[in-house]
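J.: FYI, numbering that gives the first Met the number 0 numbers position 358 of the sequence shown as 357, with every residue one higher than the one before it. C-beta: ideal position from N, C-alpha, C; glycine also. Pasting a structure here, questions to come.
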Amino acid sequence: MGSSALIIEGLDQIARLLSTRIFFLVSERFGASVGAVCFSMNPNNYRPEIEGLRAVAVLAVVLFHVKPDWLKGGFVGVDVFFVISGFLITSIVLRQSQAGTFSFKDFWLRRVRRLFPALGVVLVCTLVAGYFTLIGDEWTSLGSQVASVILLVGNIQMWQLANDYWGQTAQDTPLLHTWSLAVEEQFYLLYPLALVLLLKLGRRYVALVLFAGLAGSFAISLYGTSRMPAATFYLLPSRAWELLIGCLLAVAKTRLPVLRTSSLLAFTGLALVMASCLLIDGASGFPGVKALVPTVGAALILAFAQGGDRACLTTRLLSHPVCTYIGRISYSLYLWHWPVIVFAHWYGVHLIWIIGASFALAIISYHFVETPLRHNVRLQWYLPVAGLLIFAAALPVSFRKFEPRGLPGALASIDAPIVTTRGQEFEARFLIEKGGVLLNCEADKMPELVLLGSSHARVFGRSFADYAESSGKAVSLLGCTHLGVSDIDSMEARARLEWLEKWRPSVIVLAGRWELEIVENPGFEEDLRTVLARVASWNPQCIVLGQVPLLKTDEYSGKNLRKFLITEYRRTGEVPRIEVDPAVHEANERVRGVVAALQLPGLRYVDTSMSFRQDDDRVHAVQDGVLLYSDQDHLNDAGAAIVFEQCIRPLLTQLRRR
């Protein structure tokens, strides 16, 4: 046995002794009878390679979350967990059904004892950390996250709250990772009922029905990945097929017959899982077909990895003591790592410390919470009460009935979203074939006002929606990923311009990140002239917005703007002013020059920088205690409202009077 294995084994033995002693003390208090069975495993059912596969899955997820560049496909570890869960749950139900000992009550209570103790501790600790760390809507959001986890609908909540799993909002959501737990919990509620019913009808129908369910779920996943990617990623109907792969495998047999190629097939499975972690890019569409690679790989390992005297290379690798130990703590590690990452990133904690803290908390949680309470039958009746108490604590947070003590002074009153803007809600509903989002438009009524541009136009979505409601104007929001200037010849850009020509609105407001457009497109100014000249030929009024100040924070990325503000505030006691990138001023001058050179009567340029208080090229990113930015270059609702009221509404009022 190697030195690393000896160290792990020694730590494990010490932890076992300590946690066993504590467990006996707890069990005496509640009258539970316990014994050595607390930590023993049935040698006929225990497969160490499954623990090793869990280790591979959880390490992949942790490394991906800590730094995606390290393992860009590491998120597929969750898909591997799904296959393992389906396999183990079905094996348990089949074994107990054959023995005549299966009970729905016992099954679900075991699930509660297995999942809730560690989860409950993580939820409480996250709430406490949030109370001293979060501000404004972040705090309210955390309350709703905790409540949804308790109600087993965390995946639905994360879908609505974070939407894109790879987006900025998701990266700053402390309980984002609980979506996968909700998927499994929902499956655990429904699947045993269906399986037991099928077993009563006849075992020969089980595999057929499970395969039909797998095919249907996979079809939903294929359809939804391209059309409804966020919902498909988070929700059970499009994820059930991954669990059903494991279920079918368990129905076929816990172990398939030993083949000459079993060792090769098992190693192929491990290679598929590893290749998935290294190569799959989820941002371009997942789960869909891509999820077949890690799930089939996991199934091959479960089916063909041989143990005992015939142990193959894959089994020997996955059964290494280090792997099996990490596999045993994998649930606790999965629970702890993401809240640690979210809170630590906001304060610039080094990655090594993040990984170390995640493992330390996981080890403590596994030995002193997860394992002892998992085997104490008497305690299972107290766990629902604990869940209700946590839910009761989360509700007032959700409705902001009391404020967190995260930050004193001016920053404590920041209540605008930190990492997103509600204007992006309109982008999520964008459908080019329907002309974008229409507000106050009847079926036969064309929009009078159109907001056109990149995400820098999209941030004004809420302000324009409010304007449409208050003025009765028909408004369309065409905020897109790209403006249509740098990609003027693209199909999407042509479609937008065709819709505009059909509508011929009276006013068009155009916004973009000009500094970036100029860098990416050497012919930007000529393309801008072409777009503006074409728009002018329809004779509308056109307002071209200058780019808002870009916060030049070399030390901190745009993602960590909040951290920059907080750390500077704590260090100096003053709300900081952040340097403005001079490239924005230069880009705005070039756009202004294009507008002036065209000399079109309905075309005008508006300098948005006048809406921001500045001192010596440094902008006040916080005004009157309200944060104006959602990241390095995008305004949030509060900032967009200021620009709209000071720069856009007066022009719209003048044009309406004409």
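1. Give the DSSP bridge partners of residue 617, in chain order.
2. Would you report the Cα separation of residue 364 and residue 229, rounded to the nearest angstrom?
3. Just list the residues that DSSP pairs residue 124 with in beta bridges.
4. Are there 16 or more other CB atoms within 10 angstroms of the CB of residue 370, so buried, or fewer, so exposed?
5. Buried or exposed for residue 636, going by 16 or more other Cβ atoms inside 10 Å?
6. What residue from 610, 368 and 314 has the CA that sits closest to residue 335's CA?
7. Kindly list the residues whose CB is nearer than 7 Å to the CB of residue 178, restricted to its own chain and excluding five residues on each side of it in sequence; keep chain order.
8. Would you call residue 643 buried or exposed, if buried means 16 or more other Cβ atoms sit within 10 Å of its Cβ?
9. CB-CB under 6 Å to residue 333, same chain, minus the five flanking residues each way: which ones, in chain order?
10. Rank 549, 162, 619 and 331 by C-alpha distance to the C-alpha of residue 631 and give the top, closest one.
11. Alpha carbons only, please: which of 503, 539, 604 and 55 is nearest the one belonging to residue 316?
12. Taking the C-alpha atoms as reference points, what is the distance between residue 218 and residue 546?
13. Alpha carbon to alpha carbon, how far is residue 475 from residue 510? Give it in angstroms, no decimals.
14. From which residue to which residue does the alpha helix (DSSP H) around residue 276 run?
15. Does at least one heavy atom of the ligand PLP sit under 8 Å from the Cβ of residue 78?
16. Taking the straight line between their C-alpha atoms, what separation do you get for residue 88 and residue 82?
17. Can you look up residue 473 in the DSSP assignment and give me helix, strand or coil?
18. Need the endpoints of the beta strand (DSSP E) that residue 452 sits in, please.
19. Could you spell out where the beta strand (DSSP E) holding residue 604 opens and where it closes?
20. Tell whether a beta-carbon distance below 9 Å holds between residue 658 and residue 275.
21. Using a Cβ-Cβ cut-off of 7 Å (strictly less than) and excluding sequence neighbours within five positions of residue 532, which residues of its own chain qualify?
22. Between which two residues does the alpha helix (DSSP H) harbouring residue 389 extend?
23. In three-state terms, what does DSSP make of residue 510?
24. Pick out whichever of 383, 653 and 457 has its Cα sitting closest to the Cα of residue 506.
25. DSSP three-state call for residue 70: helix, strand or coil?
26. So is residue 351 buried or exposed if we call it buried at 16+ other beta carbons inside 10 Å?
27. Would you grab the beta carbon distance between residue 231 and residue 286 for me? Rounded to a whole angstrom, and I think it's under 8 Å.
28. By DSSP, does residue 164 sit in helix, in strand, or in coil?
29. How far does the alpha helix (DSSP H) with residue 207 in it reach, from first residue to last?
30. What is the DSSP secondary structure of residue 588, reduced to helix, strand or coil?
31. Measure how close the beta-carbons of residue 661 and residue 353 come, nearest whole angstrom, since I'm counting them as under 8 Å.
32. Quick check: the Cα distance between residue 349 and residue 172, rounded to an integer number of angstroms?
33. I need the DSSP call for residue 645, collapsed to helix, strand or coil.
34. Using a threshold of 9 Å, state whether the C-beta atoms of residue 542 and residue 591 are closer than that.
35. Rounded to whole angstroms, what's the CA-CA distance from residue 516 to residue 633? Just pull it up for me.
T.: A quick look at the data gives this:
1. What you label residue 617 is simply residue 618 of the sequence shown in a count that begins at 1. DSSP, once it has assigned bridges, lists 578 and 614 as partnering residue 617.
2. The residue you call residue 364 lines up with position 365 of the sequence shown. The residue you call residue 229 lines up with position 230 of the sequence shown. The C-alpha of residue 229 is placed about 31 Å away from the C-alpha of residue 364.
3. Position 125 of the sequence shown, counting from 1, holds the residue named residue 124. Beta-bridge pairing links residue 124 to no other residue.
4. Counted from its first residue, the sequence shown places residue 370 at position 371. Here residue 370 is buried: its Cβ has 16 or more other Cβ atoms, across all protein chains shown, within 10 Å.
5. Taking the sequence shown and counting its residues from 1, the one referred to as residue 636 is at position 637. By the neighbour-count definition (other C-beta atoms within 10 Å, threshold 16), residue 636 is a buried residue.
6. Taking the first residue of the sequence shown as position 1, residue 335 is located at position 336. Looking at the Cα atoms, 368 is the closest of the given residues.
7. In the sequence shown, the residue the question calls residue 178 occupies position 179. Only residues of its own chain outside the window of five on either side were considered, and among them 153, 154, 157 and 233 have a CB closer than 7 Å to the CB of residue 178, listed in chain order.
8. As a position in the sequence shown, residue 643 is number 644, starting the count at 1. Burial check for residue 643: the Cβ neighbour count within 10 Å reaches 16 or more, so the residue is buried.
9. Counting from 1 along the sequence shown, the entry for residue 333 is found at position 334. Around residue 333, the same chain offers 57 as residues with beta carbons nearer than 6 Å, after the five sequence neighbours per side are excluded.
10. The sequence position of residue 631 within the sequence shown is 632, counting from 1. Of 549, 162, 619 and 331, the residue nearest in Cα terms is 549.
11. On the sequence shown, position 317 is the one that residue 316 refers to. Check the Cα spacing between residue 316 and each of 503, 539, 604 and 55: the tightest is with 55.
12. Taking the sequence shown and counting its residues from 1, one reaches residue 218 at position 219. Taking the sequence shown and counting its residues from 1, one reaches residue 546 at position 547. If you take the alpha carbons of residue 218 and residue 546, they lie about 44 Å apart.
13. Along the sequence shown, read from residue 1 onward, the residue named residue 510 stands at position 511. Along the sequence shown, read from residue 1 onward, the residue named residue 475 stands at position 476. Taking the straight line joining both Cα atoms gives about 14 Å.
14. Here the question's residue 276 lines up with position 277 in the sequence shown. Counting along the chain, residue 276 sits inside the alpha helix (DSSP H) bounded by residues 261-278.
15. Summarising the ligand content, the structure contains no ligands, and the ligand PLP is consequently not present.
16. In the sequence shown, the residue the question calls residue 88 occupies position 89. In the sequence shown, the residue the question calls residue 82 occupies position 83. Rounded to the nearest angstrom, the two C-alpha atoms are 10 Å apart.
17. Here residue 473 refers to the residue found at position 474 of the sequence shown. In the structure shown, residue 473 sits in coil (DSSP, three-state: anything other than H, G, I, E or B).
18. By one-based count along the sequence shown, residue 452 stands at place 453. Boundaries of the beta strand (DSSP E) around residue 452: 448-452.
19. Here residue 604 corresponds to residue number 605 of the sequence shown, with the count starting at 1. 602-605 is the span of the beta strand (DSSP E), which, as asked, contains residue 604.
20. No statement about residue 658 is possible, as the shown extent of the chain runs from 0 to 657 and does not include it.
21. Walking along the sequence shown from the start, residue 532 turns up at place 533. Closer than 7 Å at Cβ, skipping near neighbours: 597.
22. Translated into the one-based positions of the sequence shown, residue 389 becomes position 390. Start and end: 382-397.
23. On the sequence shown, residue 510 is found 511 positions in, with the first residue counted as 1. The three-state reading of DSSP puts residue 510 in strand, counting E and B together.
24. The count along the sequence shown starts at 1 and reaches residue 506 at position 507. Nearest C-alpha to residue 506: 653.
25. Start at 1 with the first residue of the sequence shown, and residue 70 comes out as number 71. Here residue 70 sits in coil by DSSP.
26. By 1-based counting over the sequence shown, the position of residue 351 is 352. Exposed, since its Cβ has fewer than 16 Cβ neighbours within 10 Å.
27. Along the sequence shown, read from residue 1 onward, the residue named residue 231 stands at position 232. Along the sequence shown, read from residue 1 onward, the residue named residue 286 stands at position 287. Indeed, because the Cβ distance is near 7 Å, the residues count as touching under 8 Å.
28. Position 165 of the sequence shown, counted from the first residue, corresponds to residue 164. Coil at residue 164, not helix or strand.
29. Here residue 207 refers to the residue found at position 208 of the sequence shown. For residue 207, the enclosing alpha helix (DSSP H) stretches over residues 203-226.
30. Position 589 of the sequence shown, counted from the first residue, corresponds to residue 588. Correct three-state label for residue 588: helix.
31. Limits of the chain in this structure are 0 at one end and 657 at the other, which puts residue 661 out of reach.
32. Working through the sequence shown from its first residue, we reach residue 349 at position 350. Working through the sequence shown from its first residue, we reach residue 172 at position 173. A straight line joining the alpha-carbon of residue 349 with that of residue 172 spans about 19 Å.
33. Here residue 645 corresponds to residue number 646 of the sequence shown, with the count starting at 1. Residue 645: helix per DSSP, three-state reduction.
34. Working through the sequence shown from its first residue, we reach residue 542 at position 543. Working through the sequence shown from its first residue, we reach residue 591 at position 592. No, these two residues do not count as a Cβ contact at 9 Å.
35. Along the sequence shown, read from residue 1 onward, the residue named residue 516 stands at position 517. Along the sequence shown, read from residue 1 onward, the residue named residue 633 stands at position 634. Whole-angstrom Cα-Cα distance: 15 Å.
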